[in-house]
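Novice:
Protein chains: 2
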Amino acid sequence: MPEQPELTIQGWGPAAGARDATVHRGEDGADGTLEPAAFPDVAEVLPKAARRHLSRELGWTPRRTPPAPVSRIRLAPSRLAEEGRLRLVELLGEEHVRTDREERLRHAGGKSYLDLLRRREGDASDAPDAVVRPGSTEETAALLALCSEMGVVVVPFGGGTSVVGGLSGTDADDRPSISVDLGRMASVHALDVASSLVTVGPGMRGPALEEYLARHGLTLGHLPQSWEFATMGGYAATRSAGQASTGVGRFDDLVAGLTLATPSGVLELGSPPASAAGPDLLGLALGSEGALGVITEVTLRVRPRPREQQYAGWSFRTWAAGLAGLQRLARHDLLPDVVRLSDPDETRANLLNASGTGASLLRSSLRLRRRGEGCLLVVGWEGLPTTVRARRRAAASMLREAGAVRLGRRVGESWRRHRFAAPYTRDSLLDAGLLVETLETAATWTALPTVYDAVRGALRESLGRRGKQPLVMGHVSHGYPTGASLYVTVLADRDDALPIQQWLTAKRAATDALLAAGGTLTHHHAVGADHRPWLEREVGPLGVDVLRAVKQRLDPRGICNPGVLLPD
Amino acid sequence: MPEQPELTIQGWGPAAGARDATVHRGEDGADGTLEPAAFPDVAEVLPKAARRHLSRELGWTPRRTPPAPVSRIRLAPSRLAEEGRLRLVELLGEEHVRTDREERLRHAGGKSYLDLLRRREGDASDAPDAVVRPGSTEETAALLALCSEMGVVVVPFGGGTSVVGGLSGTDADDRPSISVDLGRMASVHALDVASSLVTVGPGMRGPALEEYLARHGLTLGHLPQSWEFATMGGYAATRSAGQASTGVGRFDDLVAGLTLATPSGVLELGSPPASAAGPDLLGLALGSEGALGVITEVTLRVRPRPREQQYAGWSFRTWAAGLAGLQRLARHDLLPDVVRLSDPDETRANLLNASGTGASLLRSSLRLRRRGEGCLLVVGWEGLPTTVRARRRAAASMLREAGAVRLGRRVGESWRRHRFAAPYTRDSLLDAGLLVETLETAATWTALPTVYDAVRGALRESLGRRGKQPLVMGHVSHGYPTGASLYVTVLADRDDALPIQQWLTAKRAATDALLAAGGTLTHHHAVGADHRPWLEREVGPLGVDVLRAVKQRLDPRGICNPGVLLPD
């Protein structure tokens, strides 16, 4: 397995290399202290035209607001009693129970805008009191039983990429907490080529798994933006979706079985290929976000590496025409494997952001066709050449009938090259005084336009103050026969006095609005701490009570990630 | 909506018309008494060659063993106290609360071999004490709360087609029980064409729904063998699969949302098109078999009626070659919408059963190619002409590489014409002294051959006595990337002294064997009363406890179909 790099503490990207925080040993030699990562200047990541556009739209003037030095991040002493630590050591070994500053900081929170604001401000109040690394299902089960007995909160840690506060929940009883890093459980346990199934540890990441599978001519094909760092256990715990999920399926669809260690014992769930033996317990473990236990093994459906991959760009004149076109593909099961329709604001931003002759040509071409900038659609087809050709042609003719024009492969390939770039850019924008965050939902084709208008309206109203306006950009990133997801990116001039309050207010308004319009609370980011006040609106009070009953049976003392998923 | 005919009491087929049981009013004019249905003689449903084949294989001599007259079926007096009945009447109205003999008999049990044996022997000890028909979600919720208060057991009744004792469970506390017939809740509530969603009452059946959808150019496409009688609520409650599920998806996949009325309140579940808002509660209601409450509304994914439908037959030399061929299609996502591979014994029986010149030609053709009878594969392709053509061609070339020869469309069309016939034939075989039953499972492609051998071995050992052998025939009826289902039909000379014991022993042996070999307890028939002793082997003791915790929260007094799903 290749090395799995850790994320840098105050932003995105690998801790090793150019973006790394430098570790300095403290004077006492015990705790490491860490210097802030140097993120590229905003001028390096955004072309001048794009910066000008943002200044004009947002009433924002670029300014330097770098994060506090990592060495000055405030971290309370570990609350784990020495007796408790020793019992953990007895179970896992000294080297797998860590309470040092660096380990605790690296496992503090996830990578949402709020997480980054806290870390940039020098606040690590959400850091665990210790970091432990079990090596097997049995060790994890024993660990959970022990923590249940000791009243120690357990927060599973995969890649640390949550953007909904999945690692930042607070325990109502304020008990000591440990981060259970699954990095030691990151190997392939079994490969069944005939059945297209691979069984892996929860800490396995996408790049390592794809490298392994490629040697057997196989792929998983799950490619969310967090792909470089996120783990299989994390995907399962949060019901992740990837950029090609329209084609290969959501992560839910890829999980054929899993093992969930709980304080009350171990559940082995799933009967591939399918079963009617009672309600789907596997579906209870998927999306359980650590609140029912720790996923210690996952069996995944893999597929042959595609022999053909074709990416292309298309342009619709309007958002409504784009949605109608996708809806038509969807009902005929002709959606591409990757489908991504940007609204006019996102299309404009993408075009301003793109550089080089390709981008200029594209802009001229759109101008020549008098389409304005319109709405950009990126499609990707993957699979066997014969079926890709047939699906692509049938879809192309429907897209043309729906008023789209083809922009060619260059646009598609360009999107593909930059598919993991956005979170890297964010750090530079934060340094320059911007609010940058995303949120997402999904709705039926019928409700989607209303949800879109409602979310945009709520964000613009909440963040528009004193002549300043946010930029709210949207795109559809996953299509289904019955509807689609909607992914929203918000940029605004940050309120440096009360930045957390500024976003919490906007997020609350947007969430209320999208739920009222018929959207789901989250399409692929999960509930975490950030969405849990709304879970009851999604599943009803009785639905929450059912989840509580399950939690009570598996985790009677409520030690499993108590700050997420379920409202207090 | 067209009339929805009821099933005849002692067998399969509509109660109205030629196969109907005749209703005679009793002398007191109060209770109806019913005469047995006249099933066709075995000579009318099986060609001579097939009968000879069966006699030879099974050591069976056709004999007349007709069912007891319906008028003589033993039925205990209703145990529902008059006070309780009056409270039900107060809630639902006099005409929707029935305790008469005919209603109680029509709602006694399902249509498994054991159900039919009991009914044919004149035993209706599993009949409900009353039959009620609520008209809405609200009425059903109020009914459940009332029954919970009164300690009355509630068994939901859709089409009455369960083959796993889903309607024949016994209550450990022996409380009075009512059958909740959902026939009044059988209309379309909403159609969202753009989102490909239809919302219906749980009592809606396939033919009525397809007729409605056809007027809008749409189809559901869920076609199990019970299609003429089974209901949407029943499909959801049992995680049904249909003959085209390989293409359109299992019923689980078609449910976008549902309403579950429980003694503790109403759950509204599902967020189309997809959500990551916590564990999947919809998946807990699917497969709940009435044990958590009553499904009172279902929202289903529909699709355009296929413009192209192509059915064809293929032949493999051996079962192993057939499985390998399907596995290869499966891993490349090239499985047809309908796929059905028969083993050598089933292929031989099908050929003997087929009559007319087409069948003779087919037999000659197979003989000419020196393939023996081999293994018959029926495939069906449905959808847009262009994509059907591409998928069909790509699959055909893989099938040829795997050693299959094409037999042409006639074989496919013939299967299609007779797709609902088997359960009708069964009654005539029962009349002639045969044991006839089916069971089913699913396993990964790797485990499937072992599961097949294990089940056949167990059944042959259990039913082979005194020189007599059962005929055990198998086919794959649903394919997945990771594995397939296995459907087994058993015929044997019935032990007329202890027929129930004969089958229970065989079923126990087969179930133990298939679970030990890695099969699932049931792929699409559900758990019911018949499989519940094995549920713990499928999901583990902790898995059963999780389901119990959910049931305890929703149904604290355990009135919801207590004899099914969960072991005592």
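From first to last, the protein sequence lines are chains A and F. Residue numbering for the first sequence follows this note's numbering, beginning at 279 and increasing consecutively. Residue numbering for the second sequence follows this note's numbering, beginning at 279 and increasing consecutively. Glycine included, C-beta positions come from ideal geometry on N, C-alpha and C.
1. Could you tell me whether the Cβ atoms of residue 464 of chain F and residue 481 of chain F are closer together than 8 Å?
2. Give the residues of chain F in contact with residue 542 of chain A, contact being defined as C-beta atoms less than 9 Å apart.
3. For the candidate residues A/414, A/520, A/447, A/804, whose alpha-carbon lies nearest to that of residue 576 of chain A?
4. For residue 486 of chain A, which of helix, strand or coil comes out of DSSP?
5. Go to residue 578 of chain A, then tell me how far its beta strand (DSSP E) extends in each direction, as first and last residue.
6. In whole angstroms, give me the CA-to-CA distance for residue 708 of chain A and residue 750 of chain A.
7. Counting only C-beta atoms, is residue 559 of chain F closer than 8 Å to chain A at any point?
8. In this structure, how does DSSP classify residue 500 of chain A when only helix, strand and coil are distinguished?
9. Throw me the rounded Cβ distance for the residue 429 of chain A and residue 842 of chain A pair, which I believe falls under 8 Å.
10. Would you kindly work out how many angstroms separate the C-alpha atoms of residue 668 of chain A and residue 659 of chain F, rounded to a whole number?
11. I need the straight-line Cα distance from residue 715 of chain A to residue 742 of chain A, nearest angstrom please.
12. Ignoring anything shorter than 4 residues, give me the alpha helix (DSSP H) runs that lie fully in the region 596-678 of chain A, in order along the chain.
13. Taking only three categories from DSSP, how would you classify residue 463 of chain F?
14. What are the residues that DSSP puts in a beta bridge with residue 771 of chain A?
15. Does the Cβ of residue 494 of chain F have 16 or more other Cβ atoms within 10 Å, making it buried, or fewer, making it exposed?
16. Three or more C-beta pairs closer than 8 Å, one from the region 809-822 of chain A and one from the region 765-772 of chain A: is that the case here?
17. Would you decide whether residue 326 of chain F is buried or exposed? Buried here means 16 or more other CB atoms lie within 10 Å of its CB.
18. Does DSSP put residue 796 of chain A in a helix, in a strand, or in coil?
19. Establish whether the CB of residue 828 of chain F and some CB of chain A are separated by less than 8 Å.
20. Taking C-beta pairs closer than 9 Å, name the residues in chain A that residue 665 of chain F reaches, listed in chain order.
21. For residue 825 of chain F and residue 610 of chain A, I'd like the C-alpha separation in whole angstroms.
22. Going residue by residue through the region 385-417 of chain A, where are the continuous beta strand (DSSP E) segments of at least 3 residues, counting only ones entirely within it?
23. Is the distance from the Cβ of residue 799 of chain A to the Cβ of residue 813 of chain A below 8 Å?
24. Tell me whether the beta-carbon of residue 518 of chain F lies closer than 8 Å to the beta-carbon of residue 557 of chain A.
25. Drop a sphere of 10 angstroms on the beta-carbon of residue 339 of chain F, count the other beta-carbons inside from all chains shown, and report buried for 16 or more, exposed for fewer.
26. With 7 Å as the C-beta to C-beta threshold (strictly closer), list the residues of the region 590-604 of chain A near chain F in chain order.
27. Whose C-alpha, out of A/354, A/470, A/423, A/474, is nearest the C-alpha of residue 404 of chain A?
28. Would you kindly check if the distance between the Cβ of residue 690 of chain F and the Cβ of residue 657 of chain F is under 8 Å?
29. For a test of the three-state rule: what should DSSP assign to residue 724 of chain F, helix, strand or coil?
30. Measuring only between beta-carbons, confirm whether residue 477 of chain F sits less than 8 Å from chain A.
31. If you draw a straight line from the alpha carbon of residue 830 of chain F to that of residue 836 of chain F, how long is it in whole angstroms?
32. How would you label residue 489 of chain F, buried or exposed, when you count the other beta carbons within 10 angstroms and need 16 or more for buried?
33. I need the boundaries of the beta strand (DSSP E) containing residue 592 of chain F, first residue and last residue.
34. Are the region 719-733 of chain A and the region 597-613 of chain A touching by the rule of at least three beta carbon pairs closer than 8 Å?
35. Nearest chain F C-beta to residue 792 of chain A closer than 8 Å, yes or no?
36. Starting from residue 362 of chain F, trace the alpha helix (DSSP H) both ways and give me its first and last residue.
Specialist: According to the data block:
1. yes
2. 820, 823
3. A/414
4. Helix.
5. Residue 578 of chain A -> beta strand (DSSP E) spans 572-579.
6. 17 Å
7. yes
8. coil
9. Not a contact, Cβ separation roughly 18 Å.
10. Residue 668 of chain A and residue 659 of chain F have their C-alpha atoms spaced approximately 15 Å apart.
11. 15 Å
12. 597-609, 622-631, 634-646
13. coil
14. A/712
15. exposed
16. Flag = no, the region 809-822 of chain A and the region 765-772 of chain A do not touch.
17. exposed
18. In the structure shown, residue 796 of chain A falls within a coil segment according to DSSP collapsed to helix, strand and coil.
19. yes
20. 610, 611, 612, 665, 668, 669, 672
21. 37 Å
22. 408-410
23. In contact: residue 799 of chain A and residue 813 of chain A (Cβ atoms closer than 8 Å).
24. Contact flag unset, no.
25. exposed
26. Per Cβ criterion, the list is empty.
27. A/354
28. yes
29. coil
30. no
31. 7 Å
32. exposed
33. 586-594
34. yes
35. no
36. 360-370
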